[in-house]
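Remarks on the structure that follows.
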Amino acid sequence: MKAKVTISLLLFVCCALMIISATNGPGPKPTYLEFKIPDGWPKPPTDIFAKNRLSEEGFQLGRKLFYDGRLSKDGNFPCASCHQQFAAFANFEHDFSHGFNNTFTTRNAPPLLNLAWMTEFQWDGGVNHIEVQPLSPMTASNEMAESIDSILIKLRKDTAYVRMFKAAFGTTEINSQRMFKALAQFTGSIVSADSKYDKVKRGERVFTTSESNGYNTFKEKCASCHKEPLFTDNSFRNNGLLLNTFTNDYGRMKITRDKNDSLKFKVPTLRNVAVTYPYMHDGRFVTLGQVIDHYRTGIQTNQANLDSALKNKLPMTLTEKNNLIYFLFTLTDSSVVHNPRFAERQ
Amino acid sequence: MQRSRKTGRKWVVGSGQWVVGSPQSAVRSYQLALFLLPLIVVLFGSFNTIPFNTTKTGSVKIVFKNTVAGIPLMLDSAKYKNIFGEPFTVTKFKYYISNVSLENKTDKQAEKESYHLTDARDSISMSFSYPVTAGKYNDLAFLLGVDSIRNCSGAQTGALDPMNDMFWTWNSGYVMAKLEAGSDSSKSMRRLEYHIGGYKASENVVQQIRLHASTPIIITEGKETIIVVETDLSKWWQTIDKITIAENPICTTPGSLAKRIAANYSNMFSIQSVSNN
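Each protein sequence line maps, in turn, to chains S and F. The first sequence begins at 669 in the working numbering and counts up one residue at a time. The second sequence begins at 12 in the working numbering and counts up one residue at a time.
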């Protein structure tokens, strides 16, 4: 009888301890996700999820933040205002984007695709990590115009965020590091690898004759910089554009202060290029035809540091040009542009 | 009532015990196991918290005292002159101290996760302490600035949180030291702004500082030794390279001017006192 009491008492104490630790301690572990590298793709140069383990909860928190206007000063400019899903997370039909208080940005908003393979961000490569990239638009007076401090105050007042930060990171603390890590989990998860081009490569579809001819032209004239499968080598090059005298933007030179980097800009990916117009760092070209015409005839060959691949321009016939455009259309990827997983949660 | 497949014992719902049709001894060993199990769990858990190493530990407190050529720094109102006679009134003075260690010939006692941002406007930020193994040390070493790895490792927190207004958003990297002042010698709206940063090899301004104590720094078990370090901001314009406010009132990008100023201010620290306890 005595033993029975002892056992019951011990069991009771154990149960009580378990209940206490369950309610007070950290919540259940996040549902960790594996970041899948598409077959045949190179490994990302650095693993952006090595110190920011990808989880469903982290991704969903990042997704909510990405679409939340409260990250801007007046509530009107979420990340998604300049990075629209239907434009492959570029800014539809805008050469420059609109920012706080009727201002313009000074560069064209780039698409957010395959960022896990990117180590330098912005057109000039000034930002060195995906996690610190959002700092720039959030605090720029002609973009979201908000301070990190104010953003966090707003987030802490929202019980949904308190719950989601706990689910993603174990405790209810809301700080800038967690916010940036969650955003990186969302934006870093946007992978474009399921366009018609990819399906052709996997043997699931075939190119039309025009597309196939266009692909041959692409491989001959464009692929050295717009390297497959990312359709960029993420380098910085001078592609022979005239200086935009409105923005006086010399690109990479601003970061390196090296005159050899004058007018160099990041080679953008061509994935989803049909929906990311207008084109170039300042959105000066509206159509793909205009872009190709620049390379055919418009390159300023007198620029000292013009990319060596462009010294003789890229001559091509009108048929080649049209076929090239047909090929570029095969890079549109509905698994990004129409994927409900990357859309604002309703 | 359920029957356990393995043992043939029965769990009587509601009675809270196993009913075993075997001799009394089996019951006892089972009770013993039930009694010992929580005990083992508790003991095992506490192994993590009981320190088994027997090294004797004290601590060191490092206090930074900002001066202008020995005169304690007063913000906003006090007027100072640099060696060129140029007047200035300091409005902001912040710098990163990182990777701190106490060293002697054989031992190096480094602070873990060692990142501190001192801010002349926040007296609490001007000192910090950390545990050190008891012994005699000769040198206090630290970096003035943030090591290159942390400049490119993504979002950080604590002293390195970008909210501290010491991180460039357009050209990633920490402002290692920041001095802002009003000065009639400046033609840029009578302002002086030195935001000194740059971590890449060609533009690195991070300074390895090593201060030798004239008398040994003695760390005693359970006690705190205080080292007071004087930071003389008048050194920003002199020591290695002469830099005038008139010529260079503004430096807010990495590059050669930032490196020249950083070379100067690498000489701004000296140990004022060591209080061994």
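Quick reminder that beta carbons are idealized off the backbone N, C-alpha and C, glycines included. Remember, predicted model here, so these are calculated numbers, not experimental data.
query, result
"Counting only runs of 3+ residues fully inside the stretch 72-126 of chain F, write out the beta strand (DSSP E) ranges in chain order.", "98-114, 119-121"
"List, in order along the chain, the chain F residues whose C-beta lies closer than 7 Å to that of S/ASN796?", "CYS163, SER183"
"Does the Cβ of F/ILE112 have 16 or more other Cβ atoms within 10 Å, making it buried, or fewer, making it exposed?", "A small correction: the amino acid at residue 112 of chain F is Ser; Ile does not occupy that position in the sequence shown. F/SER112 is buried by the Cβ-count criterion."
"Using the C-alpha atoms, what's the distance from S/PHE933 back to S/GLU1016?", "It is not possible to answer for residue 1016 of chain S, since the shown part of chain S is limited to 669 through 1014."
"CB S/ILE842 to CB F/PRO173, shorter than 8 Å?", "no"
"Run the CB neighbour count on F/ILE82, radius 10 Å, all protein chains shown included, and call it buried at 16 or more, exposed below.", "exposed"
"Give me the subset of the stretch 237-270 of chain F whose CB atoms are less than 7 Å from a CB atom of chain S, sorted by chain position.", "GLY266"
"Is it buried or exposed for F/THR226, if we count other Cβ within 10 angstroms and need 16 for buried?", "exposed"
"From S/ALA891 to S/THR827, what distance separates their C-alpha atoms?", "49 Å"
"At which residues does the alpha helix (DSSP H) containing S/VAL1005 begin and terminate?", "1002-1005"
"Of the residues that make up the stretch 816-849 of chain S, which ones have a beta carbon closer than 7 Å to any beta carbon in chain F?", "ILE816, ASP817, ASN843, SER844, GLN845, PHE848, LYS849"
"Compile a chain-ordered list of the residues in the stretch 699-730 of chain S whose CB is closer than 9 Å to at least one CB of chain F.", "ILE716, LYS719, ASN720"
"Is the stretch 793-807 of chain S close to the stretch 160-180 of chain F, with three or more CB pairs under 8 Å?", "yes"
"In the DSSP output, what is F/ILE207 paired with across the bridge?", "F/ALA188"
"Within 10 Å of its beta-carbon, does S/GLU811 have 16 or more other beta-carbons around it, so buried, or fewer, so exposed?", "buried"
"According to DSSP, S/VAL795 sits in a beta bridge with which residue or residues?", "S/PHE789"
"Under 8 Å between C-beta atoms, does S/VAL800 make it to chain F?", "yes"
"Is it right to say F/TYR96 is buried, meaning 16 or more other beta carbons lie within 10 angstroms of its own, or is it exposed?", "A small correction: the amino acid at residue 96 of chain F is Gly; Tyr does not occupy that position in the sequence shown. F/GLY96 is exposed by the Cβ-count criterion."
"Give a yes or no on whether the minimum CB-CB distance between S/ILE923 and chain F is below 8 Å.", "yes"
"When the Cα atoms are used, what is the spatial distance from S/ASP926 to S/ASP901?", "21 Å"
"Buried or exposed: which applies to F/GLU124, given that a residue is buried once 16 or more other Cβ atoms fall within 10 Å of its Cβ?", "exposed"
"Quick one, are the C-beta atoms of S/PHE879 and S/TYR994 less than 8 Å apart?", "Position check: residue 879 of chain S holds Glu in this sequence, whereas Phe was assumed. Going by C-beta atoms, S/GLU879 is nearer than 8 Å to S/TYR994."
"For F/SER225, which of helix, strand or coil comes out of DSSP?", "strand"
"So, does the CB of S/THR807 fall closer than 8 Å to a CB anywhere in chain F?", "yes"
"For a test of the three-state rule: what should DSSP assign to S/ASP961, helix, strand or coil?", "helix"
"Could you check whether the Cβ of F/THR144 sits closer than 8 Å to any Cβ belonging to chain S?", "no"
"Do the stretch 985-1000 of chain S and the stretch 944-951 of chain S make contact, defined as three or more Cβ pairs closer than 8 Å?", "no"
"I want to see whether chain F comes within less than 8 Å of S/SER930, judged by CB atoms only; does it?", "no"
"For a cutoff of 8 Å on Cβ pairs, would you count F/PRO173 as touching chain S?", "yes"
"I'd like to confirm the pairing. Which residues does DSSP put opposite F/GLN218 in its beta bridges?", "F/LEU155"
"Could you name the residues of the stretch 955-983 of chain S whose beta carbon sits closer than 8 Å to any beta carbon of chain F, in the order they occur along the chain?", "none"
"Give the straight-line distance between the Cα atoms of S/SER740 and S/PHE768, rounded to the nearest whole angstrom.", "8 Å"
"Just to confirm, are S/LYS732 and S/MET847 a CB contact at a threshold of 8 Å?", "no"
"Below 8 Å on the Cβ atoms is my contact criterion, and I expect F/ASP130 with F/SER136 to pass it. Report the Cβ-Cβ distance as a whole number of Å.", "5 Å"
"Report the option in S/THR924, S/ILE705, S/HIS1006, S/THR885 whose CA atom is closest to the CA atom of S/ILE960.", "S/THR885"
"Would you check if the distance between the CB atom of F/LEU128 and the CB atom of F/TYR107 is smaller than 8 Å?", "yes"
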